[in-house]
């Protein structure tokens, strides 16, 4: 089930930790690529060009090229905010744990790549967040979100990484949040609430995704 609403760009830039984390990754990757390139040039300029030095420079250039490629791949994989929310399924999420500076957001998701293929495969997914506009720092607080798929097993029909992205990160409109919360089936909220204390089990999995079946 999808839920459409107008994304507020200014609010997204100021509050959306999903895109903030992506920007940080891109910046870090770009800086590391630049450092590798500078290192390769310095090796050739400072040291005598022996086979070892030339080989070291080639390795540094190759690593720099690899990181540049990864940076561009990550950049292409990041969807426009409006597209991300329009295409990702609406899911229930709740604050599952409150720490000193962060909170753990838990959501109930369907692991299937194709929602029309067979029966739902429910799972719990978590994400550590700092703040969610309008949401109290209280265990059990409801947070309508979308489920954004990450990496997945190439030979199965299931995703193996899904992260919740709250609607409140991209709209300040409380009526939109309230409508989204009502659109989520009551049973889904109930299932999530019954499993809200399983944070450690979810975190024990490889990618914070715990199948319920």
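Residue numbers (the working numbering): 230 to 442. In this text, a Cβ means the ideal position worked out from N, Cα and C, and glycines have one as well.
Work out the CA separation of residue j and residue i for me, nearest whole Å.
i, j, result
"residue 240", "residue 421", "28 angstroms"
"residue 244", "residue 281", "49 angstroms"
"residue 231", "residue 373", "12 angstroms"
"residue 323", "residue 370", "5 angstroms"
"residue 317", "residue 242", "19 angstroms"
"residue 320", "residue 331", "21 angstroms"
"residue 419", "residue 328", "24 angstroms"
"residue 443", "residue 423", "As shown, the chain starts at 230 and ends at 442. That puts residue 443 outside it, with no answer to give."
"residue 284", "residue 261", "20 angstroms"
"residue 298", "residue 411", "43 angstroms"
"residue 359", "residue 253", "15 angstroms"
"residue 269", "residue 292", "10 angstroms"
"residue 257", "residue 365", "32 angstroms"
"residue 413", "residue 347", "21 angstroms"
To which residues does DSSP link residue i through a beta bridge?
i, result
"residue 374", "320, 395"
"residue 387", "341"
"residue 356", "334"
"residue 351", "339"
"residue 326", "333"
For residue i, which of the options has the nearest alpha-carbon?
i, options, result
"residue 433", "360, 355, 378", "355"
"residue 325", "319, 335, 347", "335"
"residue 271", "258, 259, 287", "287"
"residue 248", "415, 398, 427, 408", "398"
"residue 387", "378, 394, 308", "378"
"residue 385", "238, 342, 297, 268", "342"
"residue 431", "401, 409, 389, 360", "389"
"residue 429", "357, 402, 408", "357"
"residue 265", "368, 376, 360, 294", "294"
"residue 235", "277, 310, 333, 255", "310"
"residue 238", "406, 414, 409, 401", "401"
"residue 246", "263, 361, 290", "361"
"residue 263", "289, 277, 279", "289"
"residue 396", "255, 315, 278", "315"
Once the 5 residues before and after residue i are set aside, which same chain residues still bring their CB inside 8 angstroms of it?
i, result
"residue 275", "none"
"residue 352", "337, 338, 339, 340, 391, 438, 439, 440, 441"
"residue 367", "324, 327"
"residue 344", "318"
Does the ligand NAP have even one heavy atom less than 6 angstroms from the beta-carbon of residue i?
i, result
"residue 417", "Summarising the ligand content, the structure contains no ligands, and the ligand NAP is consequently not present."
Just to confirm my understanding: we take residue i, look at its own chain, exclude 5 residues before and 5 after, and list those with CB closer than 6 angstroms. What are they?
i, result
"residue 251", "307"
"residue 273", "286"
Residues in its own chain within less than 7 angstroms of residue i by CB, not counting five upstream and five downstream?
i, result
"residue 403", "363"
"residue 393", "320, 322, 334, 336, 354, 356, 374, 376"
Quiz item: In the segment 289–324, which residue ranges form an unbroken alpha helix (DSSP H) of at least 4 residues, counting only runs that do not cross its ends?
Solution: 310–316
Exercise. Pick out the complete beta strand (DSSP E) segments inside the segment 392–442, 3 residues or longer, and give them in chain order.
Key: 438–440
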